[in-house]
Every structure is written in structure tokens, then in C-alpha cells.
Amino acid sequence: MKVAREHQLRLIELQDFDTAVSQLNHKEKTLPEILRRDQLKAALPIAENALVSAKTVASDIQKLVKRADEDVEQVRQRISKDSALLDSGTLSPKDLVNMQHELETLKRRQNVLEDEELEIMTKAEEAEGVAIAAQSEFEQAKAELESATAAADILIAEIKAERDQNFTHIEQLRKVIDLDLIKLYDKIKSDQGGIGAAKLVDKTCDGCRLELSSTDLSAIKASDVEEVIRCDNCRRILVR
Numbered sequence: 073m074k075v076a077r078e079h080q081l082r083l084i085e086l087q088d089f090d091t092a093v094s095q096l097n098h099k100e101k102t103l104p105e106i107l108r109r110d111q112l113k114a115a116l117p118i119a120e121n122a123l124v125s126a127k128t129v130a131s132d133i134q135k136l137v138k139r140a141d142e143d144v145e146q147v148r149q150r151i152s153k154d155s156a157l158l159d160s161g162t163l164s165p166k167d168l169v170n171m172q173h174e175l176e177t178l179k180r181r182q183n184v185l186e187d188e189e190l191e192i193m194t195k196a197e198e199a200e201g202v203a204i205a206a207q208s209e210f211e212q213a214k215a216e217l218e219s220a221t222a223a224a225d226i227l228i229a230e231i232k233a234e235r236d237q238n239f240t241h242i243e244q245l246r247k248v249i250d251l252d253l254i255k256l257y258d259k260i261k262s263d264q265g266g267i268g269a270a271k272l273v274d275k276t277c278d279g280c281r282l283e284l285s286s287t288d289l290s291a292i293k294a295s296d297v298e299e300v301i302r303c304d305n306c307r308r309i310l311v312r
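Residue numbers (my numbering): 73 to 312.
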């Protein structure tokens, strides 16, 4: 294949812009800010689940506190009612003895219920502390994610702007370079990890970084300047 030297030189320009785009794509995927954002994004649902769980536990214990308080209050009201009846002087001696016994039983029951209520209230206080801590951790995780996302968005926008500039140059070059040369370049680029054309620098192919043999170099020097040559080592288009 013979192609004007100008087209071959422009092919190296095209390769440079294509390589720049690949580097920008890699940079976008490996930016610490983006990795940090993705880590925080994955961690946020965990913090949210922990918060929901802590709030649920705290709420359930508060229900137990309310129930225990109601139980204690019922016993207190019963004691108050029985005490008033005992003090009224209207009970027979037998009913008086029974009432005193019932009051003693109720007071013991009150003590038990109050101890249980105190224990539940202690657990409720602890659960509330856990929920408050979980809320704080969730808010912090959310704020960190928002900050990391904002930082990543700025860098992504910068990369996109630079990549768009490269795409503009690529589009322009592909319009003016020989079509058959472009087809060959695209095929080699697809087969060779994104590099389809390389410069011949002294005796070395800039694509595979291997030195050409004396025989190959002599053949290249003797060839027509418009002849499209390829590296014998990597088979990339070699532009001298």
C-alpha cells in the first residue's frame, strides 16, 4: 500500500490523540477521588441500615417503657383506691384483714414493676445513645459522600472537556487521512491494545520498543517514501 507521506505523518497525530483519549479514560477510572466517592457510595447504605436498625430497637424499647409505666400506674391506682377504702372505716374485720393482705401484695408487685421499669428505662437510654451515634455516623457519611462527589464531578468535567477536545482533533484527522490507511490503522489498533501506528525512532519501533534488524532497516531506507511499512516485531504501521 502506498499513501502520501503527509497522510502517514497525520496518522501519528491521530495515534497521539487516540492514546490521549485512552489515557484520559484510564485516568477517570483510577482517580483517587472517584475511588473514594465509590467507596463512600457503597458505605452509605450500610450506615443507613445501621441507623434504621438502631432507631427500630430504640422505638421498640420505648414501647416497653410505656407499657411498664402503665403497669406501674395501674398498681399505684389500685393501691390508692384500696388505701382509701381501708381508711374509710366501713370494712368488716375480715374484709379489713383481706384488704391489708392485698395492699401488701400490691406494694410488693409495685416494687417489682418499678425495678423492671427502671431496668427497661436504662436499656432505653442505652438504645437511644446508640441511635444518636448511628444518626451522627450516617450524617457524616452522607456529608463525606456529597463532598467526594463534588470533588469527583469537577475532575470528571475537566477530563471530559479535555477528551472532547481530543475527539474533535480525531474527527478532523480521520476526514483527511487516506481511508484505506485509516481502515488498516483501526484494525491494527484493535488487535494491538490501542496502538495501530508508531514512529521509527533511530533503529527502534516506538510501538513495541524493540530495535529493528539491520536487514529491516536497510529495506525500509530503500523503500519508496510513500510505501506503508510495518514493524516486523509488532506489525504496527511504522512511520519514518
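In this text, a Cβ means the ideal position worked out from N, Cα and C, and glycines have one as well.
> In this structure, what does DSSP give as the bridge partners for T276?
Replying inline: Residue numbering aside, residue 276 sits at position 204 when the sequence shown is read from its first letter. BP columns for T276 point to V273 and E283.
>> Just verifying my parser: in three-state terms, what is the DSSP assignment at I301?
In response: Position 229 of the sequence shown, counted from the start, is the residue given in the question as residue 301. If DSSP states are grouped into helix, strand and coil, I301 belongs with the strands.
> By DSSP, does V129 sit in helix, in strand, or in coil?
Replying inline: Position 57 of the sequence shown holds residue 129. Three-state DSSP puts V129 in a helix.
>> Using CA atoms only, rank isn't needed, just tell me which of P117, R307 and A203 is closest to D263.
In response: Position 191 of the sequence shown, counted from the first residue, corresponds to residue 263. It is R307.
> Whose CA, out of L185, G268 and I292, lies closest to the CA of K275?
Replying inline: Locating residue 275 in the sequence shown gives position 203, counting from the first residue. Taking only the C-alpha atoms, the option nearest K275 is I292.
> Roughly how many angstroms lie between the CA atoms of A269 and K255, to the nearest whole one?
Replying inline: For this step, residue 269 is matched to residue 197 along the sequence shown. For this step, residue 255 is matched to residue 183 along the sequence shown. When rounded, the distance between both Cα atoms is 12 angstroms.
>> Starting from V75, trace the beta strand (DSSP E) in both directions and tell me its first and last residue.
In response: Indexing the sequence shown from 1 puts residue 75 at position 3. Unbroken run through V75: none, as it is neither H nor E.
>> At the level of alpha carbons, what is the spacing between L136 and V124?
In response: Indexing the sequence shown from 1 puts residue 136 at position 64. Indexing the sequence shown from 1 puts residue 124 at position 52. The C-alpha of L136 lies about 19 angstroms from the C-alpha of V124.
> What is the residue span of the beta strand (DSSP E) that L310 lies within?
Replying inline: For this step, residue 310 is matched to residue 238 along the sequence shown. Here the beta strand (DSSP E) through L310 covers I309 to V311.
>> Residues in the same chain with beta-carbon distance under 7 angstroms from I249, minus the five sequence neighbours each way, listed in chain order, please.
In response: The residue you call residue 249 lines up with position 177 of the sequence shown. Around I249: H79, R82, L83 and L86.
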